[in-house]
Every structure is written in C-alpha cells, then in structure tokens.
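Visitor: Please read through the structure below; I'll follow up with questions.
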Amino acid sequence: MPGKSLQVYLADRLRAAGKNVRDHYMKLKDKVALITGGGRGIGKAVALAYAREGAKVAICSRTASEVEETAREIAALSAECVAEVCDVSLEEPVSKLTDEVQKRFGRIDVLINNAGVMTRPAPITDLEVKKWDYTLAVNLRGPFLATKTVLPSMMRQKSGSIINVSSSLGRGAYANFAAYAVSKWGLEGFTQTLAAEVRGYNIRVNSVDPGYVATKLTGYHGGRPESVTEVFVFLGSDESRSITGRMLSSPGWKSELKK
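Per the numbering used here: the sequence shown = residues 5 to 263.
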C-alpha cells in the first residue's frame with residue numbers, strides 16, 4: 005500500500021469488497037432487457053429496478069422527453085442504457101429498435117411488453133372504430149411486433165424471458181371497456197400460445213397483472229409503480245427459469261406460484 009495510510013488502504017478494500025458483494029447478489033447482472041413504454045409509470049419503475057439489479061437496459065417511448073429523462077436516471081445508477089423514440093404499433097420502427105439494441109449489447113435476454121393505452125370507457129354502441137383500432141394496435145399488435153423481432157435471437161441463444169403486462173380487465177368481464185379488455189384478453193391468449201410454442205427453446209413467457217397503479221391510464225390514482233417491480237425482476241432473473249405460461253398478479257404472485 006505505497007503512499008497510503010493504513011486507514012485509507014482499509015477503506016479502499018472495504019469499498020471494493022462491498023462492490024463485489026453487491027455485484028454477486030445482483031439478480032440481473034449483465035442481462036439485457038428491452039422494455040417498451042419505458043418512459044413513465046410501470047415501465048420506468050421496472051427499468052430503474054432492472055438497472056439497480058445490474059441489467060443493461062433498453063427503453064422506448066413515443067415521447068422523447070420522457071424516455072430521455074428515464075435514460076438519465078438509469079445512467080445515474082451507473083447502468084448502460086439504450087433509449088429510443090418508438091411507436092410499437094409500427095413494424096419498421098420496432099424492427100429498427102431491436103436492431104439497435106442488438107448492435108449495442110449483442111443480445112436481448114428479457115423483453116417486457118409494457119406499452120399500453122386505454123381510451124375513455126364507452127358502451128360498444130358509442131365506441132369509435134378508430135379508438136378500437138388504436139387500442140388494439142398498441143396493446144396487442146405492439147407486443148406481437150416486439151416479440152416477433154426479438155424471438156429469433158432468443159431462439160439462437162436458447163434462452164430468454166418475455167413478460168407481457170396484462171390487466172384484470174383481461175381476465176374478467178367489465179362493461180364499457182370493450183377495446184381495452186379485448187386487447188388484454190388477446191394478450192393473455194398470446195402469452196399462453198407463445199409459451200407453448202417456444203418452450204423447447206428454453207424461453208419463458210408469462211403475463212403480469214400489476215393491479216391498480218398510479219399511471220396515466222388510471223389518472224394517477226392507485227399504488228406507486230415502484231411497488232410492483234419485484235415480480236418483474238423475478239421473472240427476468242434465473243430464479244424463474246422453470247416458470248412459463250403463468251398469469252401472475254402483483255402483489256399476490258408469490259402465493260400464486262405455490263398453487
């Protein structure tokens with residue numbers, strides 16, 4: 005320890021040891037995660053949680069200011085980040101996004117299909133066709149496009165986790181929410197079908213109902229987005245390597261896994 009006092013030397017060693025311990029226990033160390041709708045709400049909270057657990061994070065949003073702010077917060081955690089403006093309902097931008105992530109990080113280990121929209125509740129007789137089309141384009145076509153572009157690399161590496169953000173409205177009947185409910189019912193069907201299709205490639209596919217969370221969709225009423233991130237970290241980590249085709253809910257996912 006030339007040039008250092010014993011006190012400084014020991015402090016440096018303790019800091020280094022602490023970093024090694026933290027790195028060892030990071031659940032997502034060096035995994036690459038692509039999170040759609042990562043500029044705010046649940047997507048942002050999950051992106052930051054992944055960064056804290058050692059992941060390299062790619063996020064997208066249609067709003068540049070939001071995705072840029074989230075990227076700055078991720079960088080402040082000393083995590084690597086790709087941040088892009090992207091409309092997930094459009095094939096070409098989604099393909100370019102995944103190409104950029106692959107070029108930067110070389111792989112994608114986790115895909116979280118989080119981007120979603122919900123129009124004002126209305127009976128079917130009053131529901132405008134353009135609002136129906138818009139909701140299904142983002143909430144169902146979007147996950148299909150993102151999954152379709154990410155799957156080939158996951159199949160080549162014979163590993164991966166796909167997490168679809170669902171809703172209680174996709175698991176029950178609620179009047180006046182036809183477009184949103186149908187999009188989420190469809191997403192649940194997509195989850196189950198895909199899980200069966202890619203099981204042989206060691207790719208896991210699950211859905212999460214985050215519950216009533218304070219986001220733009222709920223008028224910022226409900227629980228904090230940070231309160232639902234644990235299940236997403238679990239499903240992205242190797243701890244969930246035997247879990248696929250499950251419909252989980254926050255916060256009851258741990259008890260649901262025991263059933």
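For every residue, glycine included, the Cβ atom is placed at its ideal position computed from N, Cα and C.
Using alpha carbons as the reference points, say which of 42, 250, 87, 56 lies closest to residue 192.
Guide: Here the closest residue by C-alpha is 250.
Visitor: Looking at the secondary structure, which residues open and close the alpha helix (DSSP H) in which residue 78 lies?
Guide: 68 to 79
Visitor: Report the partner residues of residue 62 according to the DSSP bridge assignment.
Guide: 38, 86
Visitor: Run the proximity test for residue 109: is its beta-carbon closer than 7 angstroms to any non-hydrogen atom belonging to the ligand SAM?
Guide: Absent from the structure shown: the ligand SAM. Ligands present: none.
Visitor: Whole angstroms is fine: what's the gap from residue 125's alpha carbon to residue 189's?
Guide: 17 angstroms
Visitor: Among all the DSSP beta bridges, which residues are the ones paired with residue 122?
Guide: Paired residues: none, contrary to the question.
Visitor: Which residue wins for smallest C-alpha separation from residue 163, given the options 93, 29, 37?
Guide: 37
Visitor: Tell me, to the nearest whole angstrom, how far the beta carbon of residue 115 is from that of residue 151; I am working on the premise that it is less than 8 angstroms.
Guide: 7 angstroms
Visitor: Under 8 angstroms Cβ to Cβ from residue 72, same chain only, skipping five residues before and after it: list those, please.
Guide: 87
Visitor: Closest to residue 159 by CA distance: which of 130, 198, 173 is it?
Guide: 198
Visitor: Specify, as a first and last residue, the run of the beta strand (DSSP E) that residue 116 falls within.
Guide: Run containing residue 116: 114 to 117, per the beta strand (DSSP E) assignment.
Visitor: If you check the beta carbons only, do residue 44 and residue 84 fall under 8 angstroms apart?
Guide: no
Visitor: Output needed for residue 58: all residues of its chain with C-beta closer than 6 angstroms, excluding positions within five of it in sequence on either side, in chain order.
Guide: 30, 32, 33
Visitor: Please return the same chain residues whose Cβ sits closer than 6 angstroms to the Cβ of residue 146, not counting the five positions on each side in sequence.
Guide: 92, 93, 119
Visitor: Out of 263, 39, 98, which has the shortest C-alpha to C-alpha gap to residue 78?
Guide: 39
Visitor: Looking at residue 50: is its Cβ nearer than 8 angstroms to the Cβ of residue 112?
Guide: Taking 8 angstroms as the Cβ cut-off, residue 50 and residue 112 do not qualify as a contacting pair.
Visitor: Is it true that the segment 129 to 143 meets the segment 240 to 258, where meeting means three or more beta-carbon pairs spaced less than 8 angstroms apart?
Guide: The segment 129 to 143, when compared against the segment 240 to 258, does not touch it at the 8 angstroms Cβ threshold.
Visitor: Just reading off the alpha helix (DSSP H) that residue 159 is part of, what are its end residues?
Guide: 146 to 161
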